[in-house]
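Protein chains in written order, with my numbering: chain A, 63 to 158; chain B, 40 to 664.
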């Protein structure tokens with residue numbers, strides 16, 4: 063009897079998961095948009111080695127108290143390359 | 040013209056699948072069913088090869104060819120582009136469904152015809168659903184007007200031999216589970232008729248699907264390793280998980296089926312696993328093709344497609360699992376068995392596989408569940424999988440080593456110890472020798488290496504002692520798993536990475552290797568231009584080892600940059616180099632990986648495949664006789 067009741071569990075689990083998927087499909091959402099947990103927070107202090115010149119990179123010295131845009135990108139990443147043109151313009155016009 | 044004919048063939052397959060559905064439902068005679076099954080496979084073959092023909096002749100009047108091909112592309116990749124996109128891959132999906140449909144007809148005989156008709160009815164329903172989906176939401180034969188002069192090209196990272204054959208093998212795997220699903224649901228509906236050896240019918244399909252899935256996943260992983268240039272071979276991406284989950288369930292299914300065969304136990308369990316394995320394959324397809332989550336593999340961002348696949352998945356899953364809930368009681372058994380027996384060890388391992396599968400499933404859909412209930416977006420990544428999957432896998436592998444040497448029913452505990460003493464001894468000795476050579480001590484490393492040798496030595500003992508009743512396929516596959524663990528452990532525990540900037544004629548070091556930057560050149564390929572760095576590798580005694588030439592390629596047609604890693608492989612380690620940006624004045628950024636034992640991952644996977652392949656052939660012969 064117990065087993066008989068248990069055999070409905072796969073069905074219920076499956077239907078619940080399908081309902082969640084269905085709900086996510088019909089609401090307005092952008093799956094590629096992931097909000098950062100750093101929004102409205104101060105930049106953490108960090109040190110790292112630098113590839114360009116052999117000096118150490120220390121965030122508190124380099125950033126000071128000005129508005130700084132730090133962009134993470136990869137050279138082989140097409141969207142990054144497209145974005146770069148925009149960032150350059152942005153830096154020139156907004157004093158960043 | 041070819042596109043027009045291809046479209047007609049696709050419609051014909053829709054017709055044949057419907058015809059087969061009605062025919063098997065109304066129990067028409069064998070001849071009519073046979074016509075529909077053959078008609079279905081022929082029409083799907085025709086539409087598939089006609090699309091391929093459109094690609095070969097670069098017929099850009101077909102939208103799909105225009106979007107994914109270019110005249111300058113090498114022939115092999117014109118062909119593989121057929122399944123390198125959503126619409127075309129649906130044709131491959133349909134083709135595989137019909138191939139398995141064709142083999143399902145082969146189990147037909149005078150005694151089981153009612154049962155087989157039920158199986159064919161379900162299989163044709165699945166096929167019909169997917170053809171309908173393809174024709175109305177993703178038709179690869181859609182036309183393009185005015186006809187453009189050339190195509191948009193094909194993503195260059197997909198232009199690769201391993202990736203050309205990876206999707207067909209993978210599809211043979213998880214679409215193959217459709218046949219297992221159909222047999223399972225038919226068995227449930229048909230009721231427990233002891234004359235129908237459904238588990239014998241199911242076995243060749245489970246074994247073949249699992250075997251192809253294994254090699255399909257391995258090739259995908261091999262491709263990711265050398266083509267993406269990230270130095271790794273598994274990233275816990277949703278798509279990788281989508282193929283890994285059916286594999287785990289398939290593994291559990293494969294072993295439980297042996298118990299059903301030998302002891303007529305666990306029947307209800309096997310029927311459930313068979314249903315779930317295919318449902319997971321379809322759900323995986325949904326996750327990738329609906330755009331519901333982002334992954335490196337996500338390709339068709341079209342909500343209507345998502346809704347259709349979801350509705351169809353709901354229909355298949357709802358129907359099969361409800362049938363299961365109603366009918367599985369026919370297959371319950373009251374057999375309990377000892378933990379210290381072959382079936383006991385298989386059952387325990389089954390549970391481990393299910394737990395791993397659920398863990399991976401939870402990791403994959405958890406961000407979606409959180410988002411649905413709270414609106415927050417989170418992501419689940421490698422640390423979760425590593426910290427959950429590894430601890431569950433370890434005991435499973437320990438048991439996997441002992442399982443094959445236990446006897447059926449009940450084994451004497453004191454005899455078990457006697458049986459495993461030699462392999463414990465060999466394992467410890469081998470592990471010891473390993474660490475004397477490698478001189479690197481790491482807890483996970485020791486555990487992994489121990490487990491690998493544990494599996495391998497247990498199987499060698501079976502061979503040496505000439506214990507009877509062991510299939511060669513089982514021993515080969517299990518040794519393959521041992522080798523796989525060796526590779527996974529080596530490459531994940533002892534991988535070293537070095538990122539540095541290097542000028543021409545300068546050198547750097549990784550482990551005991553000195554790397555000298557010889558020169559940098561511009562080269563021209565068939566459809567790309569590239570800069571290529573040339574590096575000479577010397578060992579600590581200044582012996583020349585090899586030359587490595589990583590490239591940065593530019594494909595003008597698709598305006599893509601790709602990195603081509605350069606790898607030197609031997610049985611002990613890989614040296615893996617990637618070239619980054621740079622110039623003559625400041626030097627070039629290079630990434631070097633030292634990946635120990637990585638080749639054993641693919642040797643292991645291929646060995647597993649070999650074992651599975653032998654078993655498939657053996658099981659097919661059994662059905663024929």
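Think of the CB as a built atom: it goes at the ideal place given N, C-alpha and C, for glycine as much as any other residue.
For residue 47/B, the three-state secondary structure derived from DSSP is helix. The beta carbon of residue 150/A sits no closer than 8 Å to any beta carbon of chain B. Residue 619/B: member of the beta strand (DSSP E) spanning 612-622, first to last residue. At a cut-off of 8 Å between beta carbons, residue 345/B contacts chain A. Residues of the region 68-81 of chain A with a Cβ closer than 8 Å to any Cβ of chain B, in chain order: 69, 70, 72, 73, 76, 77, 79, 80. Within the region 563-651 of chain B, the complete beta strand (DSSP E) runs of at least 3 residues fall at 568-577, 583-587, 590-594, 599-603, 605-608, 612-622, 626-635. Distance from the CA atom of residue 506/B to the CA atom of residue 72/A, rounded to whole angstroms, is 40 Å. In the structure shown, the three-state DSSP call for residue 418/B is coil. Considering only beta carbons, the part of the region 348-370 of chain B lying closer than 8 Å to chain A consists of 349, 352, 353, 356, 357, 360, 361, 363, 364, 367, 368, in chain order.
Here the alpha carbon of residue 316/B sits roughly 13 Å from the alpha carbon of residue 241/B. Within the region 307-329 of chain B, those residues whose Cβ lies closer than 9 Å to any Cβ of chain A are, in chain order, 307, 311, 314, 315, 318, 322, 325, 326, 329.
Taking 8 Å as the cut-off, the Cβ atoms of residue 117/B and residue 108/B count as close.
Contact of residue 407/B with chain A by beta-carbon distance below 8 Å involves 82, 83, 86. Judged by DSSP in its simplified three-state form, residue 181/B adopts coil rather than helix or strand. For residue 381/B, the uninterrupted alpha helix (DSSP H) run begins and ends at 381-413, by DSSP. Between the alpha carbons of residue 91/A and residue 342/B lies a distance of about 11 Å. Ranking 409/B, 246/B, 152/B, 280/B by CA distance to the CA of residue 225/B puts 152/B first. Contact annotation: in the region 408-441 of chain B, residues whose CB is within less than 8 Å of a CB in chain A are 408, 410, 411, 416, 418. Listed along chain A, the residues sitting closer than 7 Å to residue 342/B by beta-carbon distance are 87. Of all alpha-carbon atoms in 249/B, 523/B, 287/B, 251/B, the one lying nearest the alpha-carbon of residue 639/B is that of 523/B. Relative to the Cα of residue 244/B, the nearest Cα in the group 45/B, 227/B, 55/B, 293/B belongs to 293/B.
For a cut-off of 8 Å, the C-beta gap from residue 618/B to residue 602/B is around 7 Å, short enough to register as a contact. Within chain B, 364, 367, 368, 371 have C-beta atoms less than 9 Å from the C-beta of residue 66/A, given in sequence order. Residue 546/B: member of the beta strand (DSSP E) spanning 546-549, first to last residue. Residue 402/B and residue 408/B have their C-alpha atoms spaced approximately 10 Å apart.
With a threshold of 8 Å between beta carbons, residue 331/B makes contact with chain A. The criterion of a C-beta distance shorter than 8 Å is satisfied by residue 370/B and residue 307/B. DSSP places residue 537/B in the strand class (E or B) of the three-state scheme. Residue-level contact by beta carbon holds for residue 404/B and chain A, with a gap shorter than 8 Å.
Residue 136/A counts as exposed, since fewer than 16 other C-beta atoms from the protein chains shown sit within 10 angstroms of its C-beta. Exclusion of the five residues before and after residue 652/B leaves 250 as the residues of its chain whose Cβ lies within less than 6 Å of its Cβ. In the three-state DSSP reduction, residue 108/A falls in the coil class, being neither helix nor strand. The C-beta distance from residue 463/B to residue 441/B rounds to 10 Å, too long to fall under 8 Å, and the pair is not in contact. DSSP, reduced to helix, strand and coil, places residue 101/B within a strand of the structure shown. Contact between residue 82/B and residue 48/B is confirmed by a C-beta separation of about 5 Å, below the 8 Å threshold. Excluding residues up to 5 positions away in sequence, 438 lie with their Cβ nearer than 6 Å to the Cβ of residue 387/B in the same chain.
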